[in-house]
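Peer 1: Here you go, one structure.
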Ligand SMILES: Nc1ncnc2c1ncn2[C@@H]1O[C@H](COP(=O)(O)OP(=O)(O)OP(=O)(O)O)[C@@H](O)[C@H]1O
Ligand SMILES: [Mg+2]
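Numbering (this note's numbering), first residue to last: 580 to 733.
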């Protein structure tokens with residue numbers, strides 16, 4: 580596990596960018612943490628690191644559940660399950676078809692997927708400390724996740 584203290588949204592953005600820089604194949608990332616903890620800020624940096632065009636402004640896909648962005652040969656899929664009622668709804672929008680080597684799947688509010696024991700490669704937790712800085716912990720499970728975490732120099 581790697582733990583980082585982020586004192587600004589810029590630092591959280593840069594962390595996302597550093598992770599994005601190291602990704603070269605499909606991977607699933609869960610982003611946990613309260614409202615305003617910095618999950619979307621991290622995804623903005625991730626997109627930058629992946630080479631997503633500046634013409635896209637990345638916001639939480641709270642109402643449309645999923646946003647997709649082309650990133651070089653890969654596709655960034657940003658999901659926000661905050662308003663999702665059940666896993667069936669996710670199946671209905673074709674979630675299963677996204678899981679392959681060309682999709683980077685990043686999920687805010689992943690609880691519904693955790694409930695069905697969906698296997699994320701990387702879990703990132705965002706917590707506030709007493710000064711409202713963010714304590715960000717990154718953990719990996721499985722080989723692709725561990726490889727990515729090893730490559731991260733923070
Ligand atoms: N260290 C920090 N890291 C990230 N964001 C920070 C930090 N300090 C302040 N902020 C601010 O906190 C807010 C984080 O918002 P963001 O949309 O990234 O959160 P979120 O976790 O995606 O929330 P939600 O669950 O509502 O989607 C932004 O306004 C950002 O500028
Ligand atoms: Mg968000």
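Glycine included, each C-beta is placed from N, C-alpha and C at the ideal position. Remember, predicted model here, so these are calculated numbers, not experimental data.
Going straight from the alpha carbon of residue 614 to that of residue 587, what length do you get?
Peer 2: Counted from its first residue, the chain shown places residue 614 at position 35. Counted from its first residue, the chain shown places residue 587 at position 8. Separation of residue 614 and residue 587 (C-alpha to C-alpha, rounded to the nearest whole angstrom) is 16 Å.
Peer 1: Please state the DSSP three-state secondary structure of residue 643.
Peer 2: Locating residue 643 in the chain shown gives position 64, where the first residue counts as 1. Reduced to three states, the DSSP call for residue 643 is coil.
Peer 1: Using C-beta distances below 7 Å, list every residue in its chain close to residue 598, excluding the 5 sequence neighbours before and after it, in chain order.
Peer 2: Counting from one through the chain shown, the residue named residue 598 turns up at place 19. If we look at residue 598 and ignore the five residues flanking it on each side, its Cβ neighbours are 625, 628 and 731.
Peer 1: May I ask which residues mark the beginning and end of the alpha helix (DSSP H) holding residue 687?
Peer 2: Translated into the one-based positions of the chain shown, residue 687 becomes position 108. It is not in any alpha helix (DSSP H) - residue 687 instead sits in the beta strand (DSSP E) that spans 682–687.
Peer 1: Going by C-alpha distance, which of 631, 670 and 665 is nearest residue 653?
Peer 2: Here residue 653 refers to the residue found at position 74 when the chain shown is read from its first residue. Scanning 631, 670 and 665 for the CA closest to the CA of residue 653 turns up 631.
Peer 1: For ligand 2, I want to know if residue 591 counts as a neighbour, meaning its beta carbon is within less than 7 Å of at least one of the ligand's heavy atoms.
Peer 2: Looking up residue 591 in the chain shown gives position 12. No, the Cβ of residue 591 stays beyond 7 Å of every heavy atom of ligand 2.
Peer 1: From which residue to which residue does the alpha helix (DSSP H) around residue 705 run?
Peer 2: Start at 1 with the first residue of the chain shown, and residue 705 comes out as number 126. It is not in any alpha helix (DSSP H) - residue 705 instead sits in the beta strand (DSSP E) that spans 701–707.
Peer 1: At a cut of 8 Å, does the segment 608–623 reach the segment 678–688 through at least three beta carbon pairs?
Peer 2: By the Cβ rule, the segment 608–623 counts as touching the segment 678–688, because three or more pairs are nearer than 8 Å.
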